[in-house]
Amino acid sequence: MPRGKFITLEGGEGVGKTTNLIFIENYLKLHDIPVIITREPGGTALAEKLRQLLLDKNSEIISENAELLLVFAARAQHIKHVIEPALTTGVWVLCDRFTDATFAYQGGGRNMKNSTIEWLENLVQGSLRPDLTLLLDAPVEIGLERAKSRGILDRFESEKIQFFEQVRRAYLLQAELHPSRIKVIKTNQPLIDVENELINVIGNFIR
Ligand code: Z5A
54 MPRGKFITLE GGEGVGKTTN LIFIENYLKL HDIPVIITRE PGGTALAEKL
104 RQLLLDKNSE IISENAELLL VFAARAQHIK HVIEPALTTG VWVLCDRFTD
154 ATFAYQGGGR NMKNSTIEWL ENLVQGSLRP DLTLLLDAPV EIGLERAKSR
204 GILDRFESEK IQFFEQVRRA YLLQAELHPS RIKVIKTNQP LIDVENELIN
254 VIGNFIR
């Protein structure tokens, strides 16, 4: 049985990851591709608990190292219990955020060294990397406006605008570094146009 493909969705606040994840899942199913959707941080019972700790804005101040290690601890569980078992049985995995988010948020947002993140990436993931990454990109103000309209902001969403600008820049840099894996899709356009671009990219990928 061929190994499943690992597709990740990335982008800053409110760019439309969750909205488009469902669309992509349906598109793959239409093509008879077995697929699961999952998210980071999260995806297992322990990883979801770590997610709550990471997003809780009433927690004690979380140090940058602690934040980075919590993200990778959740990822280690997720890979072992969800991602690898699916891929090895031929199921495709569609994941809302993965390690590009660490380069963007902890690297770009918190100014942590990429070499530290890369070291943890190799430790926790071995050779596992996404086969395709869809980077949804929109100006920071648009994404934040959309995210705010949903109500209470979490620990990350409460950061200042400069943080999100740094996150966005770091994401776009990741795309420049990995042009064959990461496809940038602008989401400051009507949803129908975003969906058409997604069909284009994923259609090519399937073929
Ligand atoms: N984090 C980290 O620091 N390091 C890591 O390694 C990882 C994560 C993996 C949780 O992520 C946090 O964890 C995240 C970084 C950190 N920071 N935060 N916050 P999350 O994925 O749960 O959180 P999120 O980025 O806040 O996701 P989100 O706010 O749910 O945004 P979204 O999924 O991209 O957007 P959406 O819910 O699909 O869309 C937002 C609204 O816009 C919604 O009402 C839509 O109907 C609307 N929308 C979407 N597309 C359009 C278009 N094209 N036009 C008009 N309206 C639209």
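Residue numbers (my numbering): 54 to 260.
Where is the CB? At the ideal position from N, CA and C, for every residue including glycine.
Per-residue DSSP class, three states only, for E63: strand
Leaving out five residues on either side along the sequence, give the residues of the same chain with a beta carbon under 7 Å from the beta carbon of N241. A191, P192 and I195
Option in E101, M54, V68 and F59 with minimal Cα separation from S202: V68
Q130 and L107: beta carbons closer than 9 Å? no
Of the listed residues E66, T72, M54 and E78, nearest to I60 (C-alpha basis): E78
With three or more beta-carbon pairs closer than 8 Å as the criterion, would you say the segment 176-186 touches the segment 243-253? no
Specify the secondary structure class of I90 as computed by DSSP and reduced to three states. strand
Using a Cβ distance threshold of 8 Å, determine whether the segment 217-231 contacts the segment 155-171, with at least three qualifying pairs required. yes
I'd like the list of long-range same chain contacts for S112, defined as Cβ closer than 7 Å, with 5 residues on each side in sequence excluded. L106
Go through its chain and collect everything with a Cβ distance to L140's Cβ below 7 Å, but skip five positions before and after it. R56, G57, F59 and V146
What's the C-alpha gap between M54 and G256? 22 Å
Does the beta-carbon of R260 have 16 or more other beta-carbons within 10 angstroms, so that it is buried, or is it exposed? exposed
R92 versus A119: straight-line alpha-carbon distance, rounded: 20 Å
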